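Notes follow once the structure below has been shown.
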Amino acid sequence: MTKKLVRAVTAGLTGSVLALTLAACNGDSNANQDAASTPEGELQEVTVGAIAIADVAPLHLAVQEGFFEEEGLDVEIIETTGGAVSLPGVVAGDYDFAFLNVASLMIARDQGLDVEFIANGTTTTGEPGADNIGIVVAEDSEVESTADLTQSTSNQLNNIGDIATRLAVDNAGGDGADIEFLELAFGEAEAAVENGNVEAALLAEPYLTQAQDAGLKVVSSPYAEAHPELDTGGYFTRSETVEDNPELVESFRNAINRGLEYADENPDEVREIVATYTEIDEEILQRIQLPRFTPEFTREGLEDLGRSAKEHGYLTEEPDLDALLPEQ
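Residue numbers for the sequence shown, in mature numbering (1 follows the signal peptide of the UniProt record, and there is no 0): -19 to -1, 1 to 309.
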């Protein structure tokens, strides 16, 4: 089966995402209706919104290896720029499923959106200093560890990066509430540290590897230090889809879980397929740290993250994981 990849463009991640998403609730749910009405014996056409990063390699591998086709699905991957596109897209029915970080979905549910995870996607390696997310400082910085942090950039505020970092600082004996976060794109953060404009920068791969090549040092791995089994992203849909089309959800889950297992067992193939849908330099791609790809969610890590999000004012109440996560 040939993979179809479509690019969706957005002006950026803004505070208007929730308003757009709530407005989308009044839209048609054509994607789910089409999938549900597919004639017997034909593949159901399914759309999946996914940002072009290594985290979604299992999705691409599941298409390439025919796992979706074996479940009766013809998957179209629509490239997005993140939650600003994928969240309202799923709510409106433009996508059947999409990939999103766990904090964004916690916040979305806290704000009244009926969405839930149906499959896991990525998990921290659990190894400080060897994770796909890290905080870097200048080589001569006095910051030596997570507990020393007082300031950091994040590519998007009120999200998993700053929430997990506050939790990691709390775990290290510091006070996560005292950290000042500055919103700055990954591509600009390295220079900001080098020029002394900011103390530290929270970076994802491949920016993390590039920053180390430039002489910056990693002093914290916030996801791994928040919880060694923290799940960081997953595949979600509307709760209405879970209720009205359980066969579709189960088929998608079966295929993506096979993709996750395959990716975790074949890191070389992960790097090969990432090269087909990103523009990461080939030499850098061979050295970036990959996350773990695990089918099962670990509730303890998400409980800690949700509790921290509530304590630091990101949520009005701790998330209901029974409603957020699939049965396992």
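Just so it is clear, CB atoms sit at the ideal spot from N, CA and C, and this is done for glycine as well. Since the model is a prediction, treat every value here as computed from it, not as a measurement.
Beta carbon of residue i, beta carbon of residue j: below 8 Å?
i	j	result
PHE98	ILE32	no
PRO272	ASP36	yes
THR146	ASP212	no
PRO109	ALA207	no
ALA244	PHE217	no
ALA153	ALA128	yes
LEU148	LEU305	no
THR134	GLU161	no
PRO276	LEU229	no
ASN136	TYR295	no
GLY107	PRO209	yes
ALA170	LEU184	yes
PHE48	ARG280	no
GLU123	ASN235	no
THR297	ASP151	no
ALA111	GLN309	no
ILE141	VAL66	no
GLU260	LYS198	no
ILE265	GLN191	yes
HIS293	ALA172	no
ALA256	GLU246	no
LEU68	GLU50	no
GLU299	LYS291	yes
DSSP puts residue i in a beta bridge; with which residues?
i	result
ASN82	GLY214
GLN132	GLU161
ARG273	THR104
VAL118	LYS198
For my contact list, residue i and residue j are in at a C-beta cut-off of 8 Å; report their separation, rounded to the angstrom.
i	j	result
VAL118	GLU180	6 Å
ALA100	GLY215	6 Å
ILE88	TYR76	Between TYR76 and ILE88 the Cβ distance is about 19 Å, and since that is not below 8 Å, they are no contact.
GLU220	ASP95	The displayed chain sequence assigns Ser, not Glu, to residue 220. Indeed they touch by this definition, with Cβ atoms about 4 Å apart.
VAL251	ALA43	Between ALA43 and VAL251 the Cβ distance is about 12 Å, and since that is not below 8 Å, they are no contact.
SER232	LEU54	6 Å
VAL71	GLY102	With 8 Å as the limit, VAL71 and GLY102 do not qualify as a contact, their Cβ atoms being about 14 Å apart.
THR28	GLU57	5 Å
SER126	SER201	7 Å
Name the two residues that bound the continuous alpha helix (DSSP H) containing residue i.
i	result
LEU40	38 to 45
GLU308	Note, GLU308: premise wrong, no alpha helix (DSSP H); not H, not E.
VAL251	248 to 258
ALA35	From DSSP, ALA35 is part of no alpha helix (DSSP H); its letter is neither H nor E.
ILE261	ILE261 -> no alpha helix (DSSP H), and no H or E assigned at all.
ASN152	141 to 152
ASP285	280 to 292
GLU50	48 to 51
GLY155	Note, GLY155: premise wrong, no alpha helix (DSSP H); not H, not E.
SER67	64 to 73
Determine the extent of the beta strand (DSSP E) in which residue i is found, giving its start and end residues.
i	result
THR61	54 to 61
GLU26	25 to 32
Compare the C-beta of residue i with all C-beta atoms of chain B and state if any pair is closer than 8 Å.
i	result
GLU164	Here chain B cannot be found, since the structure has a single protein chain.
key: Contained beta strand (DSSP E) runs [length at least 3] in the segment 175 to 239, N- to C-terminal order   = For the beta strand (DSSP E) assignment, the uninterrupted runs of no fewer than 3 residues enclosed by the segment 175 to 239 are, from N- to C-terminal side, 182 to 185, 198 to 201, 212 to 219.
request  = Please list the segments of the beta strand (DSSP E) lying wholly inside the segment 83 to 116, counting only runs of 3 or more residues, in order along the chain.
outcome  = The segment 83 to 116 contains these whole beta strand (DSSP E) runs: 96 to 104.
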